[in-house]
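First residue of the sequence shown: 40, per this note's numbering; consecutive thereafter. Using N, Cα and C, we set each Cβ at its ideal position, and we do this for glycine too. For clarity, every value in this text was computed on a predicted model and none was experimentally measured. Take a look at the structure below.
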Amino acid sequence: MTPPPGTETIAGMASATAGERPGPAERGERAVRAATSAARRLGLRPGEPRVLHDVFNVLVHLDPEPVVVRVPSLTFATAAEQAERQRRELDVVRWLAGQGAPVVRPSPLVPPEPVESEGRSLTFWEYVEERDPVRDVPAEEWETRFAEQTGWTAPLHALLARYPGPLPTLSPLVPGARAALDELARRPGDLTPDDLDRAEREYAALEALLPELPVRFPGTRPQPLHGDAPAYNVLRTAGGHLFADFEDVTRGPVEWDLAGCGPRGVEAYLRAGGTPVDSRLLDTMERARLFQAVAALAYAPLMPELAGLLEPLVRQWRDRPPLG
40 MTPPPGTETI AGMASATAGE RPGPAERGER AVRAATSAAR RLGLRPGEPR VLHDVFNVLV
100 HLDPEPVVVR VPSLTFATAA EQAERQRREL DVVRWLAGQG APVVRPSPLV PPEPVESEGR
160 SLTFWEYVEE RDPVRDVPAE EWETRFAEQT GWTAPLHALL ARYPGPLPTL SPLVPGARAA
220 LDELARRPGD LTPDDLDRAE REYAALEALL PELPVRFPGT RPQPLHGDAP AYNVLRTAGG
280 HLFADFEDVT RGPVEWDLAG CGPRGVEAYL RAGGTPVDSR LLDTMERARL FQAVAALAYA
340 PLMPELAGLL EPLVRQWRDR PPLG
């Protein structure tokens with residue numbers, strides 16, 4: 040699965056109330072309102088907050104403060120459920136930063152914990168100036184760029200393997216996709232009954248597979264992972280690259296983080312000293328990523344433009360053999 044350049048991947052699904060359909064301007068206004076309200080309670084002074092990014096989360100820069108607030112935009116989770124995931128993320132990123140890893144750090148200007156505002160759970164991060172963003176890269180250079188960034192994932196995995204805290208196993212899939220599948224059963228959109236049946240069978244297959252990964256794929260050693268395609272969730276700055284968006288941090292095979300990176304990406308990962316890759320397991324994880332994209336269609340009524348972003352991935356899902 041190759042996410043559209045310049046967007047977050049499907050695992051980064053982040054809160055609008057089901058049934059509402061705010062447009063981009065209204066989503067941004069809501070996010071700015073929630074971010075500035077929480078910021079002022081914490082003693083920050085946002086002068087001219089501005090939206091940096093709006094796909095699955097809205098990122099609000101509290102200009103002139105060097106702080107970016109990540110505001111969930113699309114989710115069926117409660118603020119308490121969001122906060123549980125965010126605490127894992129903050130713990131892992133703080134640990135990585137302490138190890139010298141190139142990561143976007145939690146803001147040192149506020150306590151490193153989720154903050155509830157207007158029914159959403161927000162996190163606060165250091166503002167970094169991005170150089171050479173992917174939206175400015177010619178399309179013919181995307182493959183080369185993401186292959187290079189996949190290579191950068193190898194040392195990140197080596198550090199993550201030493202993380203001492205507990206993490207769930209591939210939680211973006213199970214139970215992460217369950218609420219979305221339930222919503223699709225009520226509002227399937229363009230999915231056919233056969234599509235919905237297949238998605239349910241694939242969820243059941245994953246539910247059975249995940250506890251048995253080392254048995255089904257001998258030699259696999261699940262470890263802490265970024266969880267959301269780290270080769271895409273990386274910023275290039277004047278001081279080097281920084282990994283971001285660990286909100287789906289989880290345990291699993293490295294093949295989960297490599298799904299969608301392509302042969303050149305895997306080659307770059309191995310050249311950089313990455314863990315050996317099981318091609319059969321990589322194929323399974325790529326199909327699981329496509330399943331995740333189908334589940335994400337549940338959010339399209341809340342963000343109509345999402346359906347167009349996901350369409351190429353849904354086509355790939357239909358063309359490949361089912362998980363099972």
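- Endpoints, beta strand (DSSP E) assigned at L281: Translated into positions along the sequence shown, residue 281 becomes position 242. Per DSSP, the unbroken beta strand (DSSP E) holding L281 starts and ends at 279 to 282.
- Task: Measure from the alpha carbon of T162 to the alpha carbon of each residue in R225, P360, R319, N96, then state which is nearest.
- Result: For the purposes of this step, residue 162 is identified with residue 123 of the sequence shown, where counting begins at 1. Of R225, P360, R319, N96, the residue nearest in Cα terms is N96.
- Message: Taking the straight line between their C-alpha atoms, what separation do you get for S146 and L297?
- Response: Sequence index remark: in the sequence shown, residue 146 carries index 107 (1-based). Sequence index remark: in the sequence shown, residue 297 carries index 258 (1-based). Each residue's alpha carbon lies about 28 angstroms from the other.
- Task: Taking R127 as the reference, give the member of D102, G266, S76, H196 with the closest Cα.
- Result: By 1-based counting over the sequence shown, the position of residue 127 is 88. When each option's Cα is compared against that of R127, the closest is G266.
- Given T259, which residues of its chain have a CB within under 7 angstroms of its CB, disregarding the five upstream and five downstream residues? Looking up residue 259 in the sequence shown gives position 220. Closer than 7 angstroms at Cβ, skipping near neighbours: L252, P253, P292, D317, L320.
- Message: Do A244 and G363 have their beta-carbon atoms positioned less than 8 angstroms apart in this structure?
- Response: Taking the sequence shown and counting its residues from 1, the one referred to as residue 363 is at position 324. Taking the sequence shown and counting its residues from 1, the one referred to as residue 244 is at position 205. Yes.
- Task: Report yes if the C-beta of P232 is less than 7 angstroms from at least one heavy atom of the ligand ATP; otherwise report no.
- Result: Among the ligands in the structure shown, none appear at all, so the ligand ATP cannot be discussed.
- Tell me, which residues are paired with F285 by DSSP? The residue given as residue 285 occupies position 246 in the sequence shown. Paired residues: none, contrary to the question.
- Message: Can you give me the C-alpha to C-alpha distance between L352 and E222, rounded to a whole angstrom?
- Response: In the sequence shown, the residue the question calls residue 352 occupies position 313. In the sequence shown, the residue the question calls residue 222 occupies position 183. Taking the straight line from one Cα to the other gives about 19 angstroms.
- Query: When the Cα atoms are used, what is the spatial distance from A263 to L198?
  - Reply: Residue 263 sits at position 224 when you count from the first residue of the sequence shown. Residue 198 sits at position 159 when you count from the first residue of the sequence shown. According to the sequence provided, residue 263 is Pro. The question's Ala does not apply to it. Distance between the alpha carbons of P263 and L198: 9 angstroms.
- Query: Does the count of Cβ pairs from the stretch 197 to 213 and the stretch 127 to 146 closer than 8 angstroms reach three?
  - Reply: Short answer: they touch.
- Task: Can you grab the Cα-Cα spacing for the pair T48 / V108, in whole Å?
- Result: On the sequence shown, residue 48 is found 9 positions in, with the first residue counted as 1. On the sequence shown, residue 108 is found 69 positions in, with the first residue counted as 1. Annotation note: pLDDT 39 at T48 (below 50); position unreliable, coordinate value reported separately. Between T48 and V108, the C-alpha separation is close to 19 angstroms.
- Can you have a look at Q138 and say buried or exposed, based on whether 16 or more other CB atoms are within 10 angstroms of its CB? Here the question's residue 138 lines up with position 99 in the sequence shown. Under this definition Q138 is an exposed residue.
- Validate contact between the stretch 185 to 197 and the stretch 305 to 315 using beta carbons, cut 8 angstroms, 3 pairs: Touching, yes, given that three or more Cβ pairs across the two stretches are closer than 8 angstroms.
- Where do the N-terminal and C-terminal ends of the beta strand (DSSP E) with V90 fall, by residue? Reading the sequence shown from its first residue, position 51 is the one you call residue 90. 89 to 93 is the span of the beta strand (DSSP E), which, as asked, contains V90.
- P172 to T276, Cα distance in whole Å? Mapped onto the sequence shown, residue 172 falls at position 133. Mapped onto the sequence shown, residue 276 falls at position 237. Going by the C-alpha atoms only, they are around 9 angstroms apart.
- Give the DSSP-derived three-state secondary structure of V173 in the structure shown. Here the question's residue 173 lines up with position 134 in the sequence shown. Correct three-state label for V173: helix.
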